[in-house]
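Numbering (the UniProt record's numbering), first residue to last: 1 to 661. Everything on this sheet refers to the single structure shown next.
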């Protein structure tokens with residue numbers, strides 16, 4: 001029977017989110033590092049294992065944990081595919097290891113080890129009695145050898161055999177075992193969830209000639225352009241029929257003209273709702289053709305998921321109970337005073353028919369899953385119940401664990417974090433408004449360290465159709481380059497709203513507004529995709545740098561470094577084994593040149609202080625030799641206001657030839 005008092009204590013298991021309420025997040029192929037405080041009374045030796053398995057399996061895989069010192073232990077396991085995994089910690093008083101230690105002490109002190117040998121023989125015999133374990137016969141042999149009349153020196157050698165130690169370590173005494181009281185979880189995403197490069201465009205503005213409504217076929221013709229820049233996710237705003245009642249006109253005016261196409265987020269008309277396709281874009285078959293063509297170019301289509309309705313949406317007439325009524329009997333439209341959105345009706349998640357409505361919304365997602373869509377950018381999820389998303393994403397992931405959800409929630413930190421904990425793979429961030437050195441450093445130190453980095457995966461956007469930041473309005477072409485470099489290197493996932501971004505569109509609708517003048521949300525736009533001033537070649541180079549440097553494909557190991565110039569930001573990212581180190585230096589001032597000296601922590605980066613090292617500027621393809629101490633950097637926004645260096649160490653070949661790798 002088990003011991004009455006369990007002597008081993010297991011505490012402070014990490015990672016653990018909200019006492020185990022939510023899973024941590026990893027990408028397929030990554031390793032989960034688990035640490036725990038494991039200790040007991042007295043001086044007995046302790047053994048510990050990390051137990052892990054895919055959720056739903058019955059057999060635990062056990063991995064030995066290693067003591068780190070001061071009662072802290074570490075274990076690791078690899079997650080191979082999307083889905084959920086479980087893990088916990090087991091530990092026990094290792095009586096055999098304890099007696100082995102005492103035996104060594106007695107021998108060193110010249111004392112009689114007979115009683116220790118007798119105790120160890122009894123432990124080996126008891127372990128040999130455990131049923132159905134390979135090696136039991138071998139253990140029984142060891143027990144007999146320790147009890148026979150052989151010379152003490154021979155019996156001591158037998159007792160300290162590495163084979164015996166391994167056999168005994170694999171058979172902990174169950175009466176001395178403590179199991180951590182929780183089964184913690186890991187939600188594993190496919191690699192694209194961790195590392196992705198997004199491009200957003202409006203299909204209706206893809207027509208080659210001005211004034212014509214674009215189609216899915218026009219988007220297909222744009223795929224080589226998008227793929228050529230190195231984007232692997234193409235995000236489309238809502239592709240559904242657009243309501244006609246209270247349709248917004250150009251620049252968000254309350255009244256629309258007869259030719260105004262309306263906002264794609266005013267979803268629903270006589271032609272259909274959230275499972276319909278806007279007839280001017282094409283048919284569902286055309287959409288399927290777009291999906292196939294995108295795959296041929298290495299691109300996945302991400303759809304916008306906006307759970308709101310226009311006054312013309314079929315839900316309004318078929319399910320009026322799904323909407324909130326005002327005292328005069330009219331349906332409450334969306335508003336964020338002073339802004340009014342008369343063309344959008346929010347759904348009522350507090351109504352008596354909310355469960356029926358939630359099932360219908362899950363049906364919408366399942367419809368697009370059936371079409372092959374596996375990425376959804378969710379519009380304003382923070383305006384719907386957080387537990388609704390936890391339920392919906394859980395239902396989707398149960399059958400389609402490879403599905404990626406991006407939360408477009410610019411709201412309070414705790415709400416953004418809860419959305420991520422509840423299932424959203426990626427999240428928009430405050431990056432769009434973090435422009436100064438101190439606020440960038442402070443913000444990303446939070447995002448890239450525990451606990452946030454265990455569940456919150458940032459996707460950085462310098463601009464969106466809703467947001468033209470003041471920095472881009474006033475900084476000119478250099479501002480767009482600066483924000484692109486920051487977005488592409490601070491996070492493993494980023495996106496741009498194009499072609500407005502690569503064409504450096506910077507005109508707001510009015511002063512102190514983040515709305516674009518002639519916003520594409522409310523009218524067709526015709527773009528000069530091949531304009532000579534386009535940043536497409538620079539974007540292509542930056543995305544190529546991301547693809548060829550694994551350090552930029554994860555969000556850990558981000559380190560900021562001191563540089564004595566407030567306008568300059570310096571940081572590195574590196575792989576765990578330090579085989580790939582990327583150093584980024586950015587001039588945050590789009591108007592003036594700045595210079596400063598940079599000092600790197602060479603030892604932490606695996607660099608020898610006595611040897612020079614090469615920094616290879618991957619943007620300009622220039623190489624510089626740096627040394628220990630300070631190295632001078634100057635950046636002028638009139639050229640390229642940033643360096644993306646790869647640090648290369650000196651390597652000597654067997655023929656005494658030096659090169660940098």
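Beta carbons are placed, not taken as given, at the ideal position from N, Cα and C, and that holds for glycine.
Helix, strand or coil for residue i per DSSP?
i: residue 228; result: helix
i: residue 372; result: coil
i: residue 662; result: Absent from the structure is residue 662, since the part of the chain shown begins at 1 and ends at 661.
i: residue 390; result: helix
i: residue 517; result: coil
i: residue 65; result: coil
i: residue 355; result: helix
i: residue 631; result: strand
i: residue 617; result: strand
i: residue 550; result: helix
i: residue 492; result: coil
i: residue 196; result: strand
i: residue 70; result: coil
i: residue 730; result: The structure shown does not extend to residue 730, since the chain is modelled only from 1 to 661, so the question has no answer here.
i: residue 181; result: coil
i: residue 532; result: coil
i: residue 626; result: strand
i: residue 325; result: strand
i: residue 522; result: coil
i: residue 162; result: helix
i: residue 276; result: coil
i: residue 545; result: helix
Work out the CA separation of residue j and residue i for me, nearest whole Å.
i: residue 461; j: residue 428; result: 7 angstroms
i: residue 184; j: residue 87; result: 5 angstroms
i: residue 581; j: residue 492; result: 14 angstroms
i: residue 261; j: residue 434; result: 34 angstroms
i: residue 394; j: residue 286; result: 30 angstroms
i: residue 226; j: residue 234; result: 8 angstroms
i: residue 443; j: residue 622; result: 31 angstroms
i: residue 358; j: residue 388; result: 8 angstroms
i: residue 379; j: residue 248; result: 19 angstroms
i: residue 611; j: residue 121; result: 56 angstroms
i: residue 100; j: residue 426; result: 51 angstroms
i: residue 36; j: residue 94; result: 17 angstroms
i: residue 598; j: residue 430; result: 27 angstroms
i: residue 90; j: residue 51; result: 7 angstroms
i: residue 397; j: residue 15; result: 22 angstroms
i: residue 572; j: residue 583; result: 4 angstroms
i: residue 85; j: residue 187; result: 7 angstroms
i: residue 340; j: residue 333; result: 8 angstroms
i: residue 553; j: residue 648; result: 18 angstroms
Does at least one heavy atom of the ligand ADP sit under 8 angstroms from the Cβ of residue i?
i: residue 252; result: As far as ligands go, the structure on display features none, and thus does not contain the ligand ADP.
Using 8 angstroms for Cβ pairs, my map puts residue i next to residue j. What's the rounded Cβ distance?
i: residue 627; j: residue 605; result: So it is not a contact: roughly 14 angstroms between Cβ atoms.
i: residue 83; j: residue 401; result: 4 angstroms
i: residue 178; j: residue 92; result: 7 angstroms
i: residue 28; j: residue 79; result: 6 angstroms
i: residue 290; j: residue 216; result: 5 angstroms
i: residue 302; j: residue 223; result: Residue 302 to residue 223, Cβ: 14 angstroms. No contact.
i: residue 164; j: residue 124; result: 7 angstroms
i: residue 588; j: residue 569; result: 6 angstroms
i: residue 484; j: residue 539; result: 6 angstroms
i: residue 313; j: residue 243; result: 7 angstroms
i: residue 729; j: residue 409; result: No statement about residue 729 is possible, as the shown extent of the chain runs from 1 to 661 and does not include it.
Mind checking who residue i pairs with in its DSSP beta bridge?
i: residue 32; result: 77
i: residue 583; result: 572, 645
i: residue 15; result: DSSP output for residue 15 lists no bridge partner at all.
i: residue 88; result: 51
i: residue 458; result: 427
i: residue 263; result: Beta-bridge pairing links residue 263 to no other residue.
i: residue 309; result: 345
i: residue 126; result: Per DSSP, none; premise fails for residue 126.
i: residue 9; result: 39
i: residue 379; result: 408
i: residue 469; result: For residue 469, which the question treats as bridged, DSSP gives no partner whatsoever.
i: residue 508; result: 516
| Any chance the segment 39-49 sits against the segment 63-77, with 3 or more Cβ pairs inside 8 angstroms? | yes
| field | Inter-stretch contact (C-beta, 8 angstroms, three-pair minimum) for the segment 305-313 and the segment 347-365 | value | yes
| Counting pairs of Cβ atoms below 8 angstroms between the segment 265-273 and the segment 369-376, do you hit three or more? | no
| Counting Cβ pairs, one atom from each stretch, are 3 or more of them under 8 angstroms apart for the segment 504-518 and the segment 205-213? | no
| task | For the segment 514-529 and the segment 557-574, state whether three or more C-beta atom pairs, one from each stretch, are separated by less than 8 angstroms. | result | no
| message | Check whether the segment 589-597 and the segment 532-551 touch, using three or more Cβ-Cβ pairs below 8 angstroms as the test. | response | no
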